[in-house]
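So the sequences go chain by chain: A and B.
Going left to right, the first sequence walks through residues 37 to 358 as the numbering used here numbers them.
Going left to right, the second sequence walks through residues 37 to 358 as the numbering used here numbers them.
Structure first, then comments.
There are 2 protein chains.
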Amino acid sequence: MPTIFELGEKQSLRIALAELKPAEAAIIGSGDDAALMFSDDGNYLVSTDTMIEGNDFKFEFSTAYDLGWKAIATNYADIAAMGGAPTAAVVAMCVPAETEIEWLKQFVSGLQQAADYFAPGSGIVGGDLATGEHAFISVTVFGNLGGNAAVVRSGAKLGDGVYVGGTLGHAACGLDLLNHPDQQFAKSYNQFVDIQLRPNPPIALGMQANLAGATAMMDISDGLSSDATRLAQASDLSIDIDSSQLTGYEAVLEQAAQSIATDARPWVLHGGEDHSLLATFSEGSEVPRGFKKIGVCRKADFPLSLDGVPIEPSGWDSVKVV
Amino acid sequence: MPTIFELGEKQSLRIALAELKPAEAAIIGSGDDAALMFSDDGNYLVSTDTMIEGNDFKFEFSTAYDLGWKAIATNYADIAAMGGAPTAAVVAMCVPAETEIEWLKQFVSGLQQAADYFAPGSGIVGGDLATGEHAFISVTVFGNLGGNAAVVRSGAKLGDGVYVGGTLGHAACGLDLLNHPDQQFAKSYNQFVDIQLRPNPPIALGMQANLAGATAMMDISDGLSSDATRLAQASDLSIDIDSSQLTGYEAVLEQAAQSIATDARPWVLHGGEDHSLLATFSEGSEVPRGFKKIGVCRKADFPLSLDGVPIEPSGWDSVKVV
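Quick look at the structure:
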């Protein structure tokens, strides 16, 4: 099996990209100096995110397919969080020189299948491949709003209900299982490991929330406490979470937590990487199915509380990784 | 002076981004899950490129300002090469944890000043900051065509003239001077070192070439021989370069070449990173000032020749870096 170093960039890309499908919103796709994209209403969303080996993933845990899938899922979640529909992505990456071409093919397969799954018709419209000691995958993603306004973090109003669309704590649980010395537990609760490796954010819910009049929205990438704090601060108000509304999220994780002698609550409250949607809706809104109410926006001197008691955010800081 | 590790991601970005100006084409800029961009004609260009420490830059040669400038210059060149005008960029980067906040401020200053210089009104609309052992800077850039069609690599026709807009070989000369044991020569010919560190591609020429009817265009990032070969192959024809038209490019570099006992020709023919524009125009076109004719498109069994003699491309392969 040849390595990408043996094949060189051009040849490696020719082989690896063979199975990519054109993105519907691309007038000119990958292969020229730039891609040319089309947007119905002249507006387009843009977001970028990077996964770095060691900090964000490990080759011992993630297959090439997993990484391709995760790169798309996590970035598409940012488009969904603005109330848009993902249309395309560009992928810049660095992998070790001895990487086999088969690895790259599997990675591209993960990209394409995630694009098909989360936003049919979307696709990869460009990229950049290099080799180096430390691997990274940097994705920039594009999305359309279909003529609607974007849903920003700063739009929540006093009295709005606070809702979550998607799971909480699954990816954090999966990571703890992967890091546990006894790998038996990771096998027993592989559904959570799967979410850590191949997240399944509710991408289509983003546009639905927009159409239903969500007042603010963001994706929960660093953890509910961190991201709810950010939304509250951006909207200049306070979010109070009702702990009784978290018990359902905790119940699902309870057995897995007990198996490794830990507690499910921190996963639900502080665990990131499920990339679920955190949204606010004013009272009387027809909130789309798939969202569950967990709290309310109110006035207070602190951004976040649980049953009225202020709590500190405790999540991920990409700079503080050691 | 605090490091970005001490400050964390949020605080570091708040400080470093203070001097960024909003991009005119951004409806929503940096700070939410995604930026929202506007395009007059509903079309937008997208390109991505990454600079990796060791492969593409060294901290001993490049200041933070240099790297910010270069990141914008090289990426904007891809938008120019499609005949468009750059509007904005997103920047994902990884730097060592001990990086001082002052370094990041200088880097952002380089980004902003290059954006102002190459495409006034354009700016940075998002990013991602992480820390790790090996630094990289991954930029995705956007551009508008103002209602015009894009100029692709594959549009050259038999008989078209082949033109270069901008310098050839300056960045390659600068790199050889930087790598020379005697740093006196780098000081003597610092104008070439400057182009290696802070490229000055003719960004505005891209749109001018488009309006003047360029049949094909690309930026010369890997070297004239490599990139002319790519354009010829994409257009399914052969490019013959007239060596007498290269003597002007060589003459400028002659003294610097002699000082380190080398030859200027390979810099001009194979040296990349000036990010000048390679374009083709049909006979009778009003070719914009700033382009110089260096050859012609013709039919042959090989993609590239010099005075009729086939030559092999010899340039940069980002995968083959060791």
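Virtual Cβ for every residue (Gly too), placed ideally from N, Cα, C.
The beta-carbon of H170/A is placed less than 9 Å from the nearest beta-carbon of chain B. Taken atom to atom, the span from the alpha-carbon of A100/B to that of E138/B is near 9 Å. In terms of Cα proximity to A124/A, the closest of G157/A, L140/A, D102/A is G157/A.
With fewer than 16 other Cβ atoms inside 10 Å of its own Cβ, P217/B counts as exposed.
Beta-bridge annotation (DSSP): P346/A is paired with S341/A. Where K335/A is concerned, there is no enclosing alpha helix (DSSP H), because DSSP gives it neither an H nor an E.
Under the DSSP definition of a beta bridge, F93/B partners with E89/B. The residue from T86/A, P38/A, N91/A, D114/A with its alpha-carbon nearest to that of D68/B is D114/A. Around C130/B, the beta-carbon contacts reaching into chain A at under 8 Å are T86, I88, F172. Its chain contains A207 as the residues whose beta carbon lies nearer than 6 Å to that of E309/A, once the 5 sequence neighbours on both sides are disregarded; these appear in chain order. When C-beta distances to chain B are compared with 8 Å, every residue of the region 100-111 of chain A stays at or above that value. At the C-beta level, S295/A and F178/A stay beyond 9 Å of one another. Annotation: T86/A to P339/B spans about 37 Å, alpha carbon to alpha carbon.
Taking C-alpha positions only, M73/A is separated from A128/A by approximately 18 Å. The C-beta separation of I88/B from F143/B comes to about 15 Å, leaving the pair out of contact by the 8 Å criterion. Within the same chain, and ignoring the five residues on either side of E136/B in sequence, the residues whose Cβ sits closer than 6 Å to its Cβ are M37, T39.
Proximity of the region 209-216 of chain B to the region 100-112 of chain B falls short of the contact definition, fewer than three beta-carbon pairs being nearer than 8 Å. Cβ contact annotation for A150/A (same chain, cutoff 6 Å, sequence separation greater than five): W105, I108, A109, in chain order. S83/A is a Cβ neighbour of T176/A, given a cutoff of 9 Å. For S83/B, the closest Cβ of chain A is nearer than 9 Å. For L49/A, same chain residues with a beta-carbon under 7 Å away, outside a window of 5 residues either side, are L165 in chain order.
If you ignore the 5 residues before and after T265/A, its C-beta comes within less than 7 Å of the C-beta of P339, L340, P349, all in its own chain and listed in chain order. Around the Cβ of E45/A, a 10 Å sphere holds 16 or more other Cβ atoms; the residue is buried. With respect to the 9 Å criterion, D255/B and L313/B are classified as neighbours on the basis of their beta carbons.
Separation of the CB atoms of L147/A and G120/A is rounded to 19 Å, and the pair is thereby denied contact status at 8 Å. For the pair I239/B and P122/B, the CB atoms are nearer than the 9 Å cut-off.
Taking all protein chains in view, the Cβ of L247/B is surrounded by fewer than 16 other Cβ atoms within 10 Å, so the residue is classified as exposed.
CA-to-CA, the gap between A336/B and Y199/B works out to about 19 Å.
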